[in-house]
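Engineer: Provided herewith is a single structure, encoded as structure tokens, for subsequent inquiry.
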Amino acid sequence: MKKILLSLGVVFFASANGFAQNIPMDASVKTGTLPNGMKYYIKKNTLPEKKVDFRLAINAGSILEDENQRGLAHFMEHMNFNGTKNFPDNKLVDFLQSIGVKFGQHLNAYTSFDETVYMLPVPLDKPGNLDAGLKVMEDWAFNATLTDAQINKERGVVLEELRLGLGADKRMSDKYLPKLLHKSQYANRLPIGTKEVLENFKPDVIRQFHKDWYRPDLMAIVVVGDINVDEVEKKIKDNFGKYKNPSKPRERKTFDLPNHQETLVAIETDPDATNSMVQFIMKDSDSYKPDVTVEQYNQSLIENLATTMLNNRLRELVNSNNPPFTFGSVYHGGTYARTKEAFQGFAMVKDGNQLSALNVLLEETERAKRFGFTQGELDRAKSQIMSNMERSYNNRDKTESEMLVDEYVRNFLEQEPMPGIAWEYEDVKQFLPTVTLAQTNDVIKKMVKEDSRVIVITGPKKDNVTMPTEAMVLKTFDNVKMADLKPYEEKAAIKNLVKPFKSEGKITATETDAKLGTTTWTLNNGAKVTFKKTDFKDDEIVFTARSLGGNSIIPDNEYNKTQFAFQALTEAGVNGASKADLTNYLAGKQVSVNPFIGGLTEGINGRTNQKDLGSAMELIYAYFTGLNYSPEAFNAYKTKQSAMLDNMLSNPQFYFSSEHAKFTNQKNPRFIGYIPMEKDWAATDYKKAYDIYKEKFANAGNFHFYFVGNIDEAKFKNEVLQYIASLPSSGKATNFKDTGYRSITGDHTKVYKKGKDPKSMVQIVYSGDAPYNEKEAMALSALGEVATIKVIEKLREDESGIYGGGARGYMGKVPYGNYSFSLSFPCGPENADKLTKSAIAELQKLIDKGPEQKDLDKYKEGEMNDYKTDIKDNSYWMNAISKNQLDGSDKYEILSYEEKVKALTVKDLQDAAKKYLTKNRVIATLMPEDGWEKAAKKTETSTK
Numbered sequence: 004m005k006k007i008l009l010s011l012g013v014v015f016f017a018s019a020n021g022f023a024q025n026i027p028m029d030a031s032v033k034t035g036t037l038p039n040g041m042k043y044y045i046k047k048n049t050l051p052e053k054k055v056d057f058r059l060a061i062n063a064g065s066i067l068e069d070e071n072q073r074g075l076a077h078f079m080e081h082m083n084f085n086g087t088k089n090f091p092d093n094k095l096v097d098f099l100q101s102i103g104v105k106f107g108q109h110l111n112a113y114t115s116f117d118e119t120v121y122m123l124p125v126p127l128d129k130p131g132n133l134d135a136g137l138k139v140m141e142d143w144a145f146n147a148t149l150t151d152a153q154i155n156k157e158r159g160v161v162l163e164e165l166r167l168g169l170g171a172d173k174r175m176s177d178k179y180l181p182k183l184l185h186k187s188q189y190a191n192r193l194p195i196g197t198k199e200v201l202e203n204f205k206p207d208v209i210r211q212f213h214k215d216w217y218r219p220d221l222m223a224i225v226v227v228g229d230i231n232v233d234e235v236e237k238k239i240k241d242n243f244g245k246y247k248n249p250s251k252p253r254e255r256k257t258f259d260l261p262n263h264q265e266t267l268v269a270i271e272t273d274p275d276a277t278n279s280m281v282q283f284i285m286k287d288s289d290s291y292k293p294d295v296t297v298e299q300y301n302q303s304l305i306e307n308l309a310t311t312m313l314n315n316r317l318r319e320l321v322n323s324n325n326p327p328f329t330f331g332s333v334y335h336g337g338t339y340a341r342t343k344e345a346f347q348g349f350a351m352v353k354d355g356n357q358l359s360a361l362n363v364l365l366e367e368t369e370r371a372k373r374f375g376f377t378q379g380e381l382d383r384a385k386s387q388i389m390s391n392m393e394r395s396y397n398n399r400d401k402t403e404s405e406m407l408v409d410e411y412v413r414n415f416l417e418q419e420p421m422p423g424i425a426w427e428y429e430d431v432k433q434f435l436p437t438v439t440l441a442q443t444n445d446v447i448k449k450m451v452k453e454d455s456r457v458i459v460i461t462g463p464k465k466d467n468v469t470m471p472t473e474a475m476v477l478k479t480f481d482n483v484k485m486a487d488l489k490p491y492e493e494k495a496a497i498k499n500l501v502k503p504f505k506s507e508g509k510i511t512a513t514e515t516d517a518k519l520g521t522t523t524w525t526l527n528n529g530a531k532v533t534f535k536k537t538d539f540k541d542d543e544i545v546f547t548a549r550s551l552g553g554n555s556i557i558p559d560n561e562y563n564k565t566q567f568a569f570q571a572l573t574e575a576g577v578n579g580a581s582k583a584d585l586t587n588y589l590a591g592k593q594v595s596v597n598p599f600i601g602g603l604t605e606g607i608n609g610r611t612n613q614k615d616l617g618s619a620m621e622l623i624y625a626y627f628t629g630l631n632y633s634p635e636a637f638n639a640y641k642t643k644q645s646a647m648l649d650n651m652l653s654n655p656q657f658y659f660s661s662e663h664a665k666f667t668n669q670k671n672p673r674f675i676g677y678i679p680m681e682k683d684w685a686a687t688d689y690k691k692a693y694d695i696y697k698e699k700f701a702n703a704g705n706f707h708f709y710f711v712g713n714i715d716e717a718k719f720k721n722e723v724l725q726y727i728a729s730l731p732s733s734g735k736a737t738n739f740k741d742t743g744y745r746s747i748t749g750d751h752t753k754v755y756k757k758g759k760d761p762k763s764m765v766q767i768v769y770s771g772d773a774p775y776n777e778k779e780a781m782a783l784s785a786l787g788e789v790a791t792i793k794v795i796e797k798l799r800e801d802e803s804g805i806y807g808g809g810a811r812g813y814m815g816k817v818p819y820g821n822y823s824f825s826l827s828f829p830c831g832p833e834n835a836d837k838l839t840k841s842a843i844a845e846l847q848k849l850i851d852k853g854p855e856q857k858d859l860d861k862y863k864e865g866e867m868n869d870y871k872t873d874i875k876d877n878s879y880w881m882n883a884i885s886k887n888q889l890d891g892s893d894k895y896e897i898l899s900y901e902e903k904v905k906a907l908t909v910k911d912l913q914d915a916a917k918k919y920l921t922k923n924r925v926i927a928t929l930m931p932e933d934g935w936e937k938a939a940k941k942t943e944t945s946t947k
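Here our numbering is used: the first residue of the sequence shown is 4, the next is one more, and so on.
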């Protein structure tokens, strides 16, 4: 299936050298098929070093379930973590954690309609780990034990996962899916299944599913990492080739999403819906066939160019001062069914505006269909695609294994071509310049259809909001067809963001740090620039700039009037150029620059590459010196934010978080809520926020800039002197301050009621002031990870009461010493009290006895596993070297982290538990509204 493209991303590429030529297979990947039909993909890749990524792909999912098996493809995925031949009961997760693999974060799996995929990254720092990883894959493929006891025990966990999906979106999708998936088997085979089947199926039913579909000829194993390819191939042949297919295998059928003459319309509302949306689908007439020839690749590239241009127009509307929707996009790509692609559009809108948003999506598509695109648009789209391709090609030798394995899985499951990045780059470089407007214009005409259309409109049910009727929706198509549209008018492109000027910038001091590999320049305006040259990526530079102060030094009355306006400031653009102008100017450039005003700092975050470093510096300079003032842009931002946020409190989980935050922050006058309500917008002073920003960014001498990546020092120096050294500086230093406000202290128990579905959430938090202690901070963090292991073992594996949950421990140093330890999990309301007691009992064990050594060892292995990857990541280094400026911590902490983790003891964690988990406990529980028991019975009936 083609990759779905919402705007920019990885693209399909083509070559102009011979249309009949087939797309080659990447020669660096060893592929093969065992005599039993099982396929394999093996590639040596050393990023990250001493690690290997495994995937087991099974070409079977929920679509193949019999009626009495609904939900069992997914249930089978669960069972592979609950007992196999070589890892009985829950020993698999236990073993993998012992070698540094974290459950959920590293170790995972998913089940969809047509496939089941298991994911396993394994560190290769110890002998035998490679063989162990292969043994796990072998067991997943063929050796699930599927005992009655384990199956019955896992029912509760899977039912809890089903519970998580309940809510407004589920109620609405149950009503519109029969139209979206009209006359298709997919409508009746959602992977989560039905409550009735999950509760009542006999163990032999899932064993039959496993016997039918977990077989070699429907499987592929993918192995990518720091390995010997020939050695791995031999092991695969020896270990996986011995398994047989059933003597009479069931046919692996494919299922279609049928076409239809009529336009189907679904309009659904729910009182608890949090946003309003509209979606259209125009199904292709023919069944989808994967790209095989270069000509087909070419066509996919042309399609990508066309939808990129159309999305650029939609983005321009979103960035205008009168946006028709908060977000809108179109694409041509996959549907629920592998056999069907479609031209599809989507928009998120303000309540009641779904019909007008649909009209805009269809009008812009019709405009492109009638009049085509402009040469300027095509040139920009080409540069966008070429820029993304260059980034991938330039970093081709530094591509992470996890990116490669997923591509090979798609090749097996969907026959997506995998020619390799070098071939793709050369192809697109040759073919892209030859694409004409006539070709892209023709694509749009073919995508738009008058049959096999489905429209889905959803939103909250409100007395003051009138939803459109089906007749009104259908009439929209006729209106657009007859509309008096004009060709798209392209605005003049800006030549540059900053008028050329001669810089007088100088470096007044240079300091190097051999241990960190950094160089720091002090500039004539007082700004500091620290940079670290790395080879972690061959074409990536990440950066941040920070000044101390943030909103902590804004007086309370001013802060409450401005806190929601700060994120809107960049909507106005810079130096007279609008945000839309800016987007067009940066098309084809790898530049991201984002100013911010945070709690304790103000600054800029971003990333770029060597080629576009100058443009990034130019934009940094513009945000410091030339931010536009535009009340119109601010009002447009408010409109879009209101469309996204106005109904958030209808969501029980968000309501719970919001109301509980009000309770814990009741003594803090600066806390007025997580999101702005209508009264907050009315009180917001955009001009004041703008003035605060201008004042903070007027003093470059208070800023420290950090750059990490493959930096060309000579070029970098020129850009620093031209732009950063030329920034204005007032000479006035600032620092953050402690406002003095604190969350409530003491022990509290709160219950919040929201929602009709039988869903609860429990949150247990210990927090307060405490002098910062580095050793205790590490112990508290480790305690959170260990507590997560124990809570999953107890509440999920032993009691089958939750699907997921976890704990986190933290100590902060600024603006005052503080600690926080939180534990949370979703569950059924009938079990909330019991599970809360169980969770607290697990914490009490940590207080009384400390953790088991084996669990602390699991934490250490997991941290070391992550650290060895992180230490070769540009962003990780950037955050590490900039941390000292904020909190004065040891700047060499990144180099000593490993030994400090290894030094942690059971006693350290127990001491932290005794000190911090015995007071200031707040237990907050979300419960459904009164009468939920009746609603639960009604829900149970509807899912049968």
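Glycine included, each C-beta is placed from N, C-alpha and C at the ideal position.
#1: Which value, in whole angstroms, describes the spacing of the CA atoms of glutamine 211 and glutamine 913?
#2: By Cβ distance below 6 angstroms, which residues in the same chain neighbour serine 945 in space, the five residues on each side in sequence not counted?
#3: Where do the ends of the beta strand (DSSP E) carrying valine 120 lie?
#4: In angstroms, rounded to a whole number, what distance separates the CA positions of valine 96 and leucine 110?
#5: In whole angstroms, what separates the C-alpha of alanine 927 from that of serine 404?
#6: Is it buried or exposed for leucine 783, if we count other Cβ within 10 angstroms and need 16 for buried?
#7: On the DSSP bridge list, what partners appear for alanine 112?
#8: Among residues of its own chain, excluding the 5 on either side of asparagine 868, which ones have a beta-carbon nearer than 6 angstroms to its beta-carbon?
#9: Between the Cα of phenylalanine 145 and the Cα atoms of Arg456, Gly170, Trp216, which residue gives the shortest distance?
#10: Return the first residue and the last residue of the beta strand (DSSP E) that asparagine 671 is part of.
#11: Where do the N-terminal and C-terminal ends of the alpha helix (DSSP H) with phenylalanine 374 fall, by residue?
#12: What are the residues that DSSP puts in a beta bridge with tryptophan 524?
#13: Does the structure place the segment 732–745 close enough to the segment 701–713 that three or more beta carbon pairs sit under 8 angstroms?
#14: Can you find at least 3 beta carbon pairs, one from the segment 315–323 and one from the segment 575–595, that sit closer than 8 angstroms?
#15: Taking Cβ to Cβ, would you say alanine 575 is nearer than 8 angstroms to tyrosine 632?
#16: Pick out whichever of Met450, Lys385, Glu427 has its Cα sitting closest to the Cα of threonine 437.
#17: Can you give me the C-alpha to C-alpha distance between valine 909 and aspartate 890, rounded to a whole angstrom?
#18: Identify which residue in Glu427, Leu898, Gly379, Lys852 has its Cα closest to the Cα of asparagine 397.
#19: So, do the segment 347–361 and the segment 267–285 have three or more beta carbon pairs nearer to each other than 8 angstroms?
#20: Helix, strand or coil for aspartate 56? Go by DSSP, reduced to three states.
#21: Apart from the five residues on each side of it in sequence, which residues of its chain come closer than 7 angstroms, Cβ to Cβ, to valine 594?
#22: Taking Cβ positions, are asparagine 71 and phenylalanine 204 nearer each other than 8 angstroms?
#23: In this structure, how does DSSP classify valine 457 when only helix, strand and coil are distinguished?
#24: Could you please give the first and the last residue of the uninterrupted alpha helix (DSSP H) stretch that includes lysine 46?
#25: In chain order, what residues of the same chain have a beta carbon less than 7 angstroms from the beta carbon of leucine 407, not counting five sequence neighbours either side?
#26: So valine 225 and tyrosine 411 are supposed to be a Cβ contact under 8 angstroms. How far apart are they, rounded?
#27: Determine the direct distance from the alpha carbon of glutamate 866 to that of leucine 786, and round the result to whole angstroms.
#28: Would arginine 316 be called buried (16 or more neighbouring beta carbons within 10 Å of its own) or exposed?
#29: Closer than 7 angstroms by C-beta to aspartate 400: which residues in its own chain qualify, once you throw out the five before and the five after it? Chain order, please.
#30: Just mark threonine 439 as buried or exposed, buried being the case when its beta carbon has 16 or more other beta carbons within 10 Å.
#31: If you reduce the DSSP assignment to three classes, tell me which class histidine 213 lands in.
#32: Does DSSP put leucine 201 in a helix, in a strand, or in coil?
#33: Between the alpha carbons of glutamine 570 and phenylalanine 599, how many angstroms are there, rounded?
#34: Rounded to a whole number of angstroms, what is the C-alpha to C-alpha distance between arginine 673 and histidine 663?
#35: If you draw a straight line from the alpha carbon of asparagine 948 to that of valine 483, how long is it in whole angstroms?
#36: Roughly how many whole angstroms lie between the Cα atoms of leucine 9 and aspartate 445?
Structural biologist: Taking the structure as given:
#1: Going from the Cα of glutamine 211 to the Cα of glutamine 913 covers about 47 angstroms.
#2: In this prediction, serine 945 has a pLDDT of 49, which is less than 50 and means its spatial position is unreliable; nothing more can be read from the coordinates.
#3: Run containing valine 120: 119–126, per the beta strand (DSSP E) assignment.
#4: Their backbone Cα atoms lie some 8 angstroms apart in a straight line.
#5: The alpha-carbon atoms of alanine 927 and serine 404 are separated by roughly 41 angstroms.
#6: By the C-beta density criterion, leucine 783 is buried, having at least 16 other C-beta atoms within 10 angstroms.
#7: Answer is Tyr121.
#8: Non-local beta-carbon contacts of asparagine 868 in its own chain, meaning distances under 6 angstroms to residues more than five positions away in sequence, involve Gly103, Pro126 in chain order.
#9: For phenylalanine 145, the nearest C-alpha among the options comes from Trp216.
#10: Per DSSP, asparagine 671 lies in no beta strand (DSSP E) segment and is marked neither H nor E.
#11: It spans 357–374 - the alpha helix (DSSP H) in which phenylalanine 374 sits, taken as one unbroken run.
#12: According to DSSP, which records beta bridges pairwise, tryptophan 524 is partnered with Thr513, Val532.
#13: Because the criterion of three Cβ pairs below 8 angstroms is met, the segment 701–713 and the segment 732–745 touch.
#14: The segment 315–323, when compared against the segment 575–595, does touch it at the 8 angstroms Cβ threshold.
#15: Their beta carbons are under 8 angstroms apart, which means alanine 575 touches tyrosine 632 by this criterion.
#16: For the set Met450, Lys385, Glu427, the Cα lying nearest the Cα of threonine 437 is the one of Lys385.
#17: Valine 909 and aspartate 890: Cα-Cα distance of roughly 28 angstroms.
#18: The shortest C-alpha to C-alpha distance from asparagine 397 to any of Glu427, Leu898, Gly379, Lys852 is the one to Glu427.
#19: Yes: the two stretches touch, three or more of their Cβ pairs being nearer than 8 angstroms.
#20: Strand, per DSSP.
#21: So the qualifying residues of the chain are Thr611, Asp615, Ser618, Ala619, Leu622.
#22: Yes, the Cβ-Cβ distance between asparagine 71 and phenylalanine 204 is below 8 angstroms.
#23: In the structure shown, valine 457 adopts extended strand secondary structure according to DSSP, grouped into three states.
#24: First-last for lysine 46: 42–47, but that is the beta strand (DSSP E), not the alpha helix (DSSP H).
#25: Taken in chain order, the residues that qualify are Lys46, Asn48, Val227.
#26: The C-beta distance from valine 225 to tyrosine 411 rounds to 5 angstroms, short enough to fall under 8 angstroms.
#27: So the two alpha carbons sit approximately 13 angstroms from each other.
#28: Buried is the label assigned to arginine 316, since at least 16 other Cβ atoms lie within 10 Å of its Cβ.
#29: Contacts found: Asp541.
#30: With fewer than 16 other CB atoms across the displayed protein chains lying within 10 angstroms of its CB, threonine 439 is exposed.
#31: Looking at histidine 213 - three-state DSSP - the assignment turns out to be helix.
#32: Here leucine 201 sits in helix by DSSP.
#33: Straight-line Cα distance between these residues: approximately 7 angstroms.
#34: So the two alpha carbons sit approximately 16 angstroms from each other.
#35: The requested residue 948 is not part of the displayed model; the chain covers only 4 to 947.
#36: Caution applies to leucine 9, whose pLDDT of 30 falls short of 50 and renders its modelled position unreliable; the model cannot decide the point.
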